[in-house]
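Trainee: First residue of the sequence shown? That's 8 in our numbering, and the numbers climb one at a time after it. Just passing along the structure, written as structure tokens.
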Amino acid sequence: MLLRKFMSLVGIGSAKIDLILDKETYTQGEQITGYFLLKGGLIEQQLKRIDCDLVKVENGTESMIEATSILTSRSIESEAANKIPFSFKLPTSLPISTEDISYRFKTRLTFTEGVESVDQDIIQVVEGERLA
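Set out below in structure tokens:
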């Protein structure tokens with residue numbers, strides 16, 4: 008048991024996070040929905056927070072558009088799976104995705120002890136239909 012705890016503290020067999028989105032392509036100003044899927048590792052771990060940043064990558068340079076944090080003191084049991092709803096409204100002024108501009112959500116799961124779990128999900132932003 009002590010070996011399992013040590014392994015999870017250095018990131019081997021620790022809990023993981025995965026942001027599951029309903030789709031990959033969105034229009035400017037659209038509401039994005041999905042959920043965070045938390046998967047337990049080898050041992051029970053105490054969660055501290057979930058951070059999710061919308062990042063724009065333009066010509067190789069990253070800039071954060073907006074950040075969301077969920078503070079939590081819940082535990083995730085060994086090998087359990089939990090879902091936490093996710094919702095985010097894209098800014099209407101967001102430039103559309105091009106060859107030089109891309110977007111991704113960077114998600115981090117932080118524990119009271121141990122290494123963070125990190126996930127990245129690429130989305131595409133397209134121009135919305137204009138109403139006459």
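Positions of the beta carbon are idealized from the N, C-alpha and C atoms, including for glycine. Since the model is a prediction, treat every value here as computed from it, not as a measurement.
(1) Using the C-alpha atoms, what's the distance from Arg115 back to Ser124?
(2) For the beta strand (DSSP E) that Thr40 lies in, which residues bound it at each end?
(3) Alpha carbon to alpha carbon, how far is Thr40 from Phe95? Give it in angstroms, no decimals.
(4) In this structure, does DSSP put Glu106 in helix, strand or coil?
(5) Pair every Cβ in the region 102-109 with every Cβ in the region 76-88, then say whether three or more of these pairs are closer than 8 angstroms.
(6) Is Glu69 near the ligand SAH, judged by its Cβ being under 7 angstroms from some heavy atom?
(7) For Ser94, which three-state DSSP category applies?
(8) Measure the C-alpha to C-alpha separation of Ile50 and Thr119 and round it to an integer number of angstroms.
(9) Does DSSP classify Leu61 as helix, strand or coil?
(10) If we ignore side chains and look at the alpha-carbon of each, how far apart do Leu54 and Ala87 end up?
(11) Based on DSSP bridge pairs, tell me the residues matched to Asp25.
(12) Within a Cβ cutoff of 7 angstroms, which residues of the same chain sit near Glu65, ignoring the five residues on either side of it in sequence?
(13) Determine the DSSP secondary structure at Glu84, reduced to helix, strand or coil.
Mentor: By the coordinates alone:
(1) Locating residue 124 in the sequence shown gives position 117, where the first residue counts as 1. Locating residue 115 in the sequence shown gives position 108, where the first residue counts as 1. So the two alpha carbons sit approximately 6 angstroms from each other.
(2) Sequence index remark: in the sequence shown, residue 40 carries index 33 (1-based). From DSSP, the beta strand (DSSP E) with Thr40 extends over 38-46.
(3) Position 88 of the sequence shown, counting from 1, holds the residue named residue 95. Position 33 of the sequence shown, counting from 1, holds the residue named residue 40. Distance between the alpha carbons of Phe95 and Thr40: 7 angstroms.
(4) As a first step, residue 106 must be located in the sequence shown, where it is residue number 99. In the structure shown, Glu106 sits in coil (DSSP, three-state: anything other than H, G, I, E or B).
(5) no
(6) Of the ligands one can find in the structure shown there are none, so the ligand SAH has no counterpart to examine.
(7) Your numbering for residue 94 matches position 87 in the sequence shown. Reduced to three states, the DSSP call for Ser94 is strand.
(8) Position 43 of the sequence shown, counted from the first residue, corresponds to residue 50. Position 112 of the sequence shown, counted from the first residue, corresponds to residue 119. Distance between the alpha carbons of Ile50 and Thr119 is about 14 angstroms.
(9) Sequence index remark: in the sequence shown, residue 61 carries index 54 (1-based). In this structure, Leu61 counts as strand in the three-state DSSP scheme.
(10) Residue mapping note: residue 54 aligns to position 47 of the sequence shown, counting from 1. Residue mapping note: residue 87 aligns to position 80 of the sequence shown, counting from 1. Going from the Cα of Leu54 to the Cα of Ala87 covers about 13 angstroms.
(11) As a working mapping, residue 25 is identified with position 18 in the sequence shown. Partner(s): Leu44.
(12) If you number the sequence shown from 1, residue 65 lands on position 58. Residues of the same chain with a CB within less than 7 angstroms of the CB of Glu65, apart from the 5 flanking positions on each side, are Asp107, Ile108 in chain order.
(13) Working through the sequence shown from its first residue, we reach residue 84 at position 77. Reduced to three states, the DSSP call for Glu84 is coil.
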